[in-house]
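With our numbering applied, the sequence shown covers 15 to 917.
Each residue gets a CB set at the ideal place from its N, CA and C atoms; glycine is no exception.
Each remark here refers to the structure printed beneath this line.
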Amino acid sequence: MLFDGSVHQLPDTDPTETQEWLDSLDAVVETQGKTRARYLMSRLLERARETQVSFPATVSTPYVNTIPAEHEPWFPGDEHLERRIRAYIRWNAAMMVVRANANAEGIGGHLSTFASSASLYEVGFNHFFRGKDDGQAGDHVYFQGHAAPGVYARAFLERRLEADDLDHFRREIGRGGRGLSSYPHPRLMPEFWEFPTVSMGLGPITALYHARFNRYLTNRKLDDTTDSRVWAFLGDGECDEPESLGALSLAAREHLDNLVFVVNCNLQRLDGPVRGNGKIIQELEAVFRGAGWNVVKVIWGSKWDELLARDVSGALLNKMNTTVDGEFQRYTVEDGNYIRENFFGPDPRLREMVSHLTDADLQALPRGGHDYRKVYAAFKAAADNLGTGRPTAILCKTVKGWTLGPEIEGRNATHQIKKMNVDQLRVLRDRLHLNDEISDEMLEGDVAPYYRPAEDSVEYQYLVERRRALGGFVPRRTGTAKRRLTLPSDDAFREFDGGSGQQSVSTTMGFTRLLRNLARDASFGERVVPIIPDEARTFGMDSLFRELKIYASQGQKYEPVDHDLLLSYSESTSGQILEEGITEAGSLASFIAAGTAYATRGVEMVPFYTFYSMFGFQRVGDLIWQAADARTRGFLLGATAGRTTLLGEGLQHQDGHSLVLASTVPPCRAYDPAFAYEVAAIVRSGLHEMYGEVPNDVFYYVTLYNENYPMPARPAIADLDAQIMRGLYKWADAGTAKHRASLVFSGSAHSAVRAAARELESRWDVACELWSATSYKTLRENALDVERWNRLHPTAAPRQADVTRLLDEGSGPVVAVSDFMRIVPEQVARFVPNRLFVPLGTDGFGRSDTRTALRRHFEIDMPHVVVATLHALARTAEVKPEVVADAIAHYGLDAESINPQYA
Ligand SMILES: Cc1ncc(C[n+]2csc(CCOP(=O)(O)OP(=O)(O)O)c2C)c(N)n1
Ligand SMILES: [Mg+2]
Numbered sequence: 015m016l017f018d019g020s021v022h023q024l025p026d027t028d029p030t031e032t033q034e035w036l037d038s039l040d041a042v043v044e045t046q047g048k049t050r051a052r053y054l055m056s057r058l059l060e061r062a063r064e065t066q067v068s069f070p071a072t073v074s075t076p077y078v079n080t081i082p083a084e085h086e087p088w089f090p091g092d093e094h095l096e097r098r099i100r101a102y103i104r105w106n107a108a109m110m111v112v113r114a115n116a117n118a119e120g121i122g123g124h125l126s127t128f129a130s131s132a133s134l135y136e137v138g139f140n141h142f143f144r145g146k147d148d149g150q151a152g153d154h155v156y157f158q159g160h161a162a163p164g165v166y167a168r169a170f171l172e173r174r175l176e177a178d179d180l181d182h183f184r185r186e187i188g189r190g191g192r193g194l195s196s197y198p199h200p201r202l203m204p205e206f207w208e209f210p211t212v213s214m215g216l217g218p219i220t221a222l223y224h225a226r227f228n229r230y231l232t233n234r235k236l237d238d239t240t241d242s243r244v245w246a247f248l249g250d251g252e253c254d255e256p257e258s259l260g261a262l263s264l265a266a267r268e269h270l271d272n273l274v275f276v277v278n279c280n281l282q283r284l285d286g287p288v289r290g291n292g293k294i295i296q297e298l299e300a301v302f303r304g305a306g307w308n309v310v311k312v313i314w315g316s317k318w319d320e321l322l323a324r325d326v327s328g329a330l331l332n333k334m335n336t337t338v339d340g341e342f343q344r345y346t347v348e349d350g351n352y353i354r355e356n357f358f359g360p361d362p363r364l365r366e367m368v369s370h371l372t373d374a375d376l377q378a379l380p381r382g383g384h385d386y387r388k389v390y391a392a393f394k395a396a397a398d399n400l401g402t403g404r405p406t407a408i409l410c411k412t413v414k415g416w417t418l419g420p421e422i423e424g425r426n427a428t429h430q431i432k433k434m435n436v437d438q439l440r441v442l443r444d445r446l447h448l449n450d451e452i453s454d455e456m457l458e459g460d461v462a463p464y465y466r467p468a469e470d471s472v473e474y475q476y477l478v479e480r481r482r483a484l485g486g487f488v489p490r491r492t493g494t495a496k497r498r499l500t501l502p503s504d505d506a507f508r509e510f511d512g513g514s515g516q517q518s519v520s521t522t523m524g525f526t527r528l529l530r531n532l533a534r535d536a537s538f539g540e541r542v543v544p545i546i547p548d549e550a551r552t553f554g555m556d557s558l559f560r561e562l563k564i565y566a567s568q569g570q571k572y573e574p575v576d577h578d579l580l581l582s583y584s585e586s587t588s589g590q591i592l593e594e595g596i597t598e599a600g601s602l603a604s605f606i607a608a609g610t611a612y613a614t615r616g617v618e619m620v621p622f623y624t625f626y627s628m629f630g631f632q633r634v635g636d637l638i639w640q641a642a643d644a645r646t647r648g649f650l651l652g653a654t655a656g657r658t659t660l661l662g663e664g665l666q667h668q669d670g671h672s673l674v675l676a677s678t679v680p681p682c683r684a685y686d687p688a689f690a691y692e693v694a695a696i697v698r699s700g701l702h703e704m705y706g707e708v709p710n711d712v713f714y715y716v717t718l719y720n721e722n723y724p725m726p727a728r729p730a731i732a733d734l735d736a737q738i739m740r741g742l743y744k745w746a747d748a749g750t751a752k753h754r755a756s757l758v759f760s761g762s763a764h765s766a767v768r769a770a771a772r773e774l775e776s777r778w779d780v781a782c783e784l785w786s787a788t789s790y791k792t793l794r795e796n797a798l799d800v801e802r803w804n805r806l807h808p809t810a811a812p813r814q815a816d817v818t819r820l821l822d823e824g825s826g827p828v829v830a831v832s833d834f835m836r837i838v839p840e841q842v843a844r845f846v847p848n849r850l851f852v853p854l855g856t857d858g859f860g861r862s863d864t865r866t867a868l869r870r871h872f873e874i875d876m877p878h879v880v881v882a883t884l885h886a887l888a889r890t891a892e893v894k895p896e897v898v899a900d901a902i903a904h905y906g907l908d909a910e911s912i913n914p915q916y917a
């Protein structure tokens with residue numbers, strides 16, 4: 015058997031000695047068995063680690079607690095009081111859900127997730143999670159989304175919430191919108207929740223990058239985060255999401271010892287067991303350890319310690335190691351006799367080991383995650399780990415629905431149970447020993463009662479004293495604004511006003527110059543966070559490497575291959591650019607960390623995340639949704655935008671729909687600028703909106719193209735910035751020809767549209783005014799808002815939408831062209847009721863070819879714009895259909911070509 019071939023390639027400097035060691039091991043196996051041999055090997059490995067003898071990481075350890083009972087620290091809390099507090103919180107969390115469903119059938123909520131993790135959170139609240147009162151550093155806690163009722167229930171005890179608030183759990187429409195959101199949503203509860211977590215997998219990856227961003231802030235001397243930890247609570251089922259575990263190695267590589275993942279291993283997800291035929295804790299241990307994390311397993315409660323101490327033969331350990339999760343789940347729902355017969359019984363040594371225990375004792379043997387001492391020991395180990403250079407994963411074994419009674423606890427359906435009848439409430443009450451507080455009569459009534467100890471009770475005093483000692487209540491989103499930023503001077507934007515003269519440049523190049531100008535701004539510059547996922551060269555942003563430097567927590571330990579070039583790959587501990595490598599998910603997580611630092615750290619930072627527009631909304635749309643929920647501020651730059659502008663790449667790269675997807679995200683301001691001065695105006699106005707006197711929690715999505723053309727000078731239009739931001743402005747007046755039309759362009763479509771206007775004027779006697787549509791999303795939102803106002807104020811003088819008013823100024827048809835799908839301009843079509851509105855765009859898959867060929871294929875080139883305009887004039891009887899046919903023939907268009915939307 016070849017265990018590890020590499021061993022045989024290492025030098026053996028003393029073969030005789032090697033043989034002696036091997037012989038000893040053989041002898042142990044032969045005379046004392048494998049268990050003893052495994053024990054000796056483990057002790058040797060432990061000793062080797064102590065003496066700094068490095069050896070390849072072992073990725074798994076036996077199915078026991080990582081911290082042995084004799085190494086558990088002294089528990090500094092008041093066990094009795096904490097148990098009482100936990101019981102109240104458990105009770106109220108369950109009552110919230112039960113009452114909500116009694117009031118509104120089917121309103122939902124979850125009982126069993128928090129029931130399984132109450133001890134984990136409570137140990138954290140009483141001893142570890144630090145608040146941010148008085149500008150303290152504070153911790154960042156990512157709560158498992160479905161555990162929200164428990165967090166509300168605690169806030170109720172803390173008197174941050176009242177019974178009426180709890181009764182508005184999942185009822186967010188009434189009471190002026192002040193309900194309690196189903197899950198952590200900063201968008202809906204901006205004072206309370208900090209981090210949206212309920213879309214499985216996004217909590218873990220954003221927490222991880224948040225811990226990294228905290229280090230970035232410290233290394234760049236923008237905020238002292240050295241004492242802050244990030245605690246992320248996640249479900250064991252949640253670990254199946256690629257985002258949950260996909261970035262683990264980054265945490266180890268970046269030495270994020272400020273990061274703690276607590277995985278609530280209740281062995282169940284929604285439908286059934288997470289790993290019925292395996293062991294999720296062992297699997298996760300291997301993954302985390304393999305990625306370089308410190309792993310603390312909390313598997314068995316204290317009552318098992320005594321049994322393990324008597325396990326001289328290793329039979330119990332063996333049974334633990336070989337029992338699969340599906341069986342463990344079964345033991346939680348069966349009685350003590352079943353456990354005796356099936357877990358201990360088959361092996362006479364094990365049966366004997368528990369002969370002194372009653373069936374009730376066996377049933378009560380707890381899992382580690384419900385043993386606050388074990389949990390405390392694990393959390394303390396993680397907290398003390400700061401400084402060791404490794405992130406920590408705590409894997410806690412729990413029971414889903416714990417204490418909720420035999421009909422709920424550990425059942426496969428437990429996740430979806432939202433109601434409890436009087437008998438079940440009584441069982442829960444008894445189990446939590448709340449008989450003094452909650453009488454039988456109280457349970458008989460129509461509404462299950464909450465319970466909250468009085469303000470002068472020892473429980474309340476203890477609870478708030480603990481929070482006071484730890485720096486204030488958690489979660490609380492808005493902290494002290496420690497460092498507001500100064501907006502950049504207008505100098506940064508001015509150079510784009512003059513245009514580029516004869517020089518052909520792209521809006522991407524214009525943006526890169528702007529970004530550099532902003533980063534150079536004396537007071538604002540340090541707040542700029544450029545984020546790029548291994549695509550800087552594509553966007554011409556490698557020009558920033560040398561000047562701004564790439565952030566690298568370890569500095570640069572090598573002389574780069576291009577060190578003698580002006581654009582060399584320069585890494586630095588204080589680097590400004592987050593060059594994320596090929597991870598759009600990670601980059602988005604950084605975007606969120608930077609764009610929420612104003613709230614999580616009280617330090618305003620301005621992320622500019624530039625990516626291949628195809629790999630934005632489409633690839634990581636749910637993270638963008640999360641950014642919106644988290645109230646992230648900043649700029650998303652969709653570079654290489656357009657279905658035809660990015661020539662050559664083809665189906666997977668050419669983006670004609672990110673603007674469609676952007677239109678689905680409420681606080682996203684989506685812009686599709688054609689010229690560099692428009693980009694500058696959008697960024698400038700965006701900065702003022704997001705970081706000005708009254709900051710607005712929105713973010714911007716701006717498309718950037720890679721087509722080079724001479725950038726026109728900013729036209730002398732009064733109030734132009736406001737017009738650009740409103741989404742539409744007249745760029746050029748019409749000539750004097752007979753017929754009239756309005757041509758509307760966005761982004762790179764301007765060149766075909768401008769050429770078409772010249773052609774229409776000179777050859778077809780059509781005078782065209784030109785409009786630049788910078789944001790159909792903004793125009794549509796304005797129009798919808800006006801429509802609603804008019805509907806609700808039927809007798810008042812009707813208001814007019816911007817797009818209606820502006821386009822009503824002209825006459826003839828409106829032809830709107832962009833490098834995106836036709837649904838983008840179509841968003842406003844019905845708000846232009848007095849003119850024929852014809853959208854042209856790029857429906858269908860992209861393909862590789864030249865720009866010229868692609869624009870012909872998608873029917874958005876000059877001839878197609880001309881034909882579309884003439885056809886619109888024909889439909890309104892301005893010109894004869896034959897004129898359109900003439901144009902088709904004149905330009906050699908193939909009327910029988912395949913429709914690109916199906917191609
Ligand atoms: C991306 C995503 N997919 C599916 C869901 C629906 N969902 C909510 S909870 C849940 C099961 C969670 O199991 P686990 O992570 O083990 O958490 P537990 O409740 O057991 O602590 C599922 C599938 C979701 N919230 N997010
Ligand atoms: Mg689970």
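Helix, strand or coil for Y929? Go by DSSP, reduced to three states.
This structure leaves residue 929 out entirely; the chain is present only between 15 and 917.
With 16 as the cutoff for other CB atoms within 10 Å, does K894 come out buried or exposed?
Under this definition K894 is an exposed residue.
Please return the same chain residues whose Cβ sits closer than 7 Å to the Cβ of D900, not counting the five positions on each side in sequence.
For D900, where only same-chain residues beyond five positions count, there are no Cβ hits under 7 Å.
Look up R381 in the DSSP assignment and give the residues it is bridged to.
W314, per the DSSP bridge assignment.
Would the C-beta of E252 count as close to ligand 1, meaning under 8 Å from any of its heavy atoms?
E252: yes, Cβ under 8 Å from ligand 1.
Between A468 and V212, what straight-line distance do the alpha-carbon atoms span, to the nearest angstrom?
Cα to Cα, the separation comes out at about 33 Å.
Determine the closest residue to M367 out of D325, G350, A391, with distance taken between C-alpha atoms.
M367 has its Cα closest to that of D325, out of D325, G350, A391.
Check each candidate in R185, E257, R189 and name the one with the smallest Cα separation from I219.
Out of R185, E257, R189, E257 has the C-alpha closest to the C-alpha of I219.
Please say whether Y612 and M619 have beta carbons closer to each other than 9 Å?
It is a contact, given that the beta carbons lie within the stated cut-off.
For P87, report the span of its alpha helix (DSSP H) as first-last.
No alpha helix (DSSP H) holds P87; DSSP gives it neither H nor E.
Could you check whether the Cβ of G159 sits closer than 8 Å to any heavy atom belonging to ligand 1?
Flag set: Cβ of G159 near ligand 1.
Please classify P709: does DSSP put it in a helix, a strand, or coil?
Three-state result, P709: coil.
Quick one: does the C-beta of C279 sit closer than 8 Å to a heavy atom of ligand 3?
With respect to small molecules bound, the structure shown includes ligand 1 and ligand 2 and not ligand 3.
Using a threshold of 8 Å, is the CB atom of L284 nearer than that to any non-hydrogen atom of ligand 1?
Checking the Cβ of L284 against ligand 1 gives yes.
How far does the beta strand (DSSP E) with R192 in it extend, from its first residue to its last?
No beta strand (DSSP E) holds R192; DSSP gives it neither H nor E.
With DSSP as the reference, label G609 as helix, strand or coil.
Here G609 sits in helix by DSSP.
From the DSSP output, read off the bridge partner residues of R497.
According to DSSP, R497 bridges with V617.
Under 9 Å between the Cβ atoms of R647 and E205?
Result no, Cβ atoms of R647 and E205 do not sit closer than 9 Å.
Assess contact between the region 681 to 697 and the region 710 to 722, defined as three or more Cβ pairs (one per stretch) separated by less than 8 Å. Is contact present?
Segments in contact, yes.
Which residues bound the alpha helix (DSSP H) around F139?
Run containing F139: 126 to 141, per the alpha helix (DSSP H) assignment.
What separation, rounded to the nearest whole angstrom, lies between the Cα atoms of R534 and R541?
Approximately 10 Å between the Cα atoms of the pair.
What is the DSSP secondary structure of Y583, counted as helix, strand or coil?
Coil at Y583, not helix or strand.
Can you check which of these residues, E176, A118, S131, is closest to G249 by C-alpha distance?
Nearest of E176, A118, S131 to G249, Cα basis: S131.
Count the other CB atoms within 10 Å of the CB of R869; is the residue buried (16 or more) or exposed (fewer)?
When all chains shown are included, R869 counts as buried.
What are the boundary residues of the beta strand (DSSP E) that P544 is part of?
Its beta strand (DSSP E) spans residues 542 to 546.
Find the nearest neighbour of P544 within the set Y345, R551, R530, judged by alpha-carbon distance.
The residue with the shortest Cα to Cα distance from P544 is R530.
Could you check whether the Cβ of G249 sits closer than 8 Å to any heavy atom belonging to ligand 1?
Yes, ligand 1 has a heavy atom inside 8 Å of this Cβ.
What's the gap between the Cα of R740 and the Cα of D816?
When rounded, the distance between both Cα atoms is 8 Å.
On the premise that A396 lies in contact with V274, defined as a C-beta separation below 8 Å, what is that separation, rounded to the nearest angstrom?
With 8 Å as the limit, V274 and A396 qualify as a contact, their Cβ atoms being about 4 Å apart.
Using DSSP's beta-bridge definition, name the partner residues of W778.
BP columns for W778 are empty, so no partner.
Could you spell out the range, first to last residue, of the beta strand (DSSP E) harbouring T406?
Element bounds for T406: 406 to 411.
Consider the C-beta atom of K414 and the heavy atoms of ligand 1; say whether any pair is separated by less than 8 Å.
K414 Cβ: within cutoff of ligand 1.
So does the region 316 to 335 actually touch the region 33 to 52, counting three or more Cβ pairs closer than 8 Å?
Yes, since at least three Cβ pairs between the region 316 to 335 and the region 33 to 52 fall closer than 8 Å, the two stretches touch.
How about H671 and M434: do their beta carbons lie closer than 9 Å?
Cβ distance not < 9 Å, so H671 and M434 don't count as in contact.
So, with DSSP's three-state summary, where would you put V831?
Reduced to three states, the DSSP call for V831 is strand.
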